[in-house]
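All remarks here apply to the structure that follows.
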Amino acid sequence: MDFGKSPFIGIRRMRRSPFLWAALALFVFGVGAALGWAWLGSPAQRSDPDRFVYGEPVQLMHDQMHYRMMSVTIAQQDANNAPDIYLPVTFHNFGAVKRTQIASWTFEIANRGTAALLISSGYTTCGCTTAELSSADIPPGKSGLVTVYFDPQQASPGAVVRRGVILETNDPQRPEVEVWVQASVEN
Numbered sequence: 017m018d019f020g021k022s023p024f025i026g027i028r029r030m031r032r033s034p035f036l037w038a039a040l041a042l043f044v045f046g047v048g049a050a051l052g053w054a055w056l057g058s059p060a061q062r063s064d065p066d067r068f069v070y071g072e073p074v075q076l077m078h079d080q081m082h083y084r085m086m087s088v089t090i091a092q093q094d095a096n097n098a099p100d101i102y103l104p105v106t107f108h109n110f111g112a113v114k115r116t117q118i119a120s121w122t123f124e125i126a127n128r129g130t131a132a133l134l135i136s137s138g139y140t141t142c143g144c145t146t147a148e149l150s151s152a153d154i155p156p157g158k159s160g161l162v163t164v165y166f167d168p169q170q171a172s173p174g175a176v177v178r179r180g181v182i183l184e185t186n187d188p189q190r191p192e193v194e195v196w197v198q199a200s201v202e203n
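According to this note's numbering, the sequence shown is numbered sequentially starting from 17.
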């Protein structure tokens, strides 16, 4: 064994090689980006899973016959015992989306009230958009999820499109809520 040589010979070589430093920096950046990507996402994906309600999934689609014409009769609520819908985020911009790519985003629907929140109906503003609701019945203190799917196949390249999902609820203060997505369509 030669004790005259430094055990850090590799570091000396790196001082002389900008390529090795660039490769190391790229590796560190890649690991950081991967960890950030895993942590980021919709707020619903970063939250405590026990607070979300999953019942029978409800599919929401565009229905031209019922667009803005649905009426639902909901029993009168006691003001002290009512649901209180809260949406921490109501808009998401996908940015650039290829015409062959289906983009999706998950929104949280929280019930801050003292009675069950019922999503009585829902629809999308366009046939290119569908949504899935995790549960139509959200107990007090819990949250549901609505995942919006946007298919830009029919949109013109270069167009910026905005599509929404309208939910009708039994919240006496907010009987109708909306979430919106936007995308810039590429070829």
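Glycine included, each C-beta is placed from N, C-alpha and C at the ideal position.
State the beta-bridge partners of Tyr139 as determined by DSSP. Ile182
Counted within 10 angstroms of its Cβ, other Cβ atoms place Arg179 as buried (16 or more) or exposed: buried
Since Phe68 is in the beta strand (DSSP E), which residue starts that stretch and which ends it? Run containing Phe68: none; DSSP gives neither H nor E here.
Please classify Thr140 as buried or exposed, where buried requires at least 16 neighbouring CB atoms within 10 angstroms. buried
C-alpha distance - Arg190 paired with Ile101, whole-angstrom precision: 7 Å
If you reduce the DSSP assignment to three classes, tell me which class Gln170 lands in. helix
Thinking Leu149 and Phe123 are a contact (beta carbons under 8 Å), I'd like their distance in whole angstroms, please. Wrong, their Cβ atoms sit about 10 Å apart, outside the cutoff.
Compute the Euclidean distance between the alpha carbons of Leu134 and Lys158, then round it to the nearest angstrom. 12 Å
Gly157 by DSSP, collapsed to three states: which one? coil
Under the three-state DSSP convention, the category Phe150 falls into: One detail in the question is off: residue 150 reads as Ser in this sequence, not Phe. Ser150 falls in the coil class under three-state DSSP.
CA-to-CA distance, Ile154 to Ile118, given in whole angstroms: 28 Å
Starting from Val105, trace the beta strand (DSSP E) in both directions and tell me its first and last residue. From DSSP, Val105 is part of no beta strand (DSSP E); its letter is neither H nor E.
Inside the region 106 to 132 only - beta strand (DSSP E) runs reaching at least 3 residues: 107 to 114 and 119 to 127
With a threshold of 16 other CB atoms inside 10 Å of the CB of Ala54, please say whether the residue is buried or exposed. Residue confidence for Ala54 is low, a pLDDT of 47 falling below 50, so the modelled location carries little weight; the figure read from the coordinates is stated next. Exposed.
Helix, strand or coil: which one does DSSP assign to Gln189? coil
Within 10 Å of its beta-carbon, does His82 have 16 or more other beta-carbons around it, so buried, or fewer, so exposed? Annotation note: pLDDT 49 at His82 (below 50); position unreliable, no value reported.
Report the rounded CA-to-CA distance for Val176 versus Tyr70, giving the unit in angstroms. 33 Å
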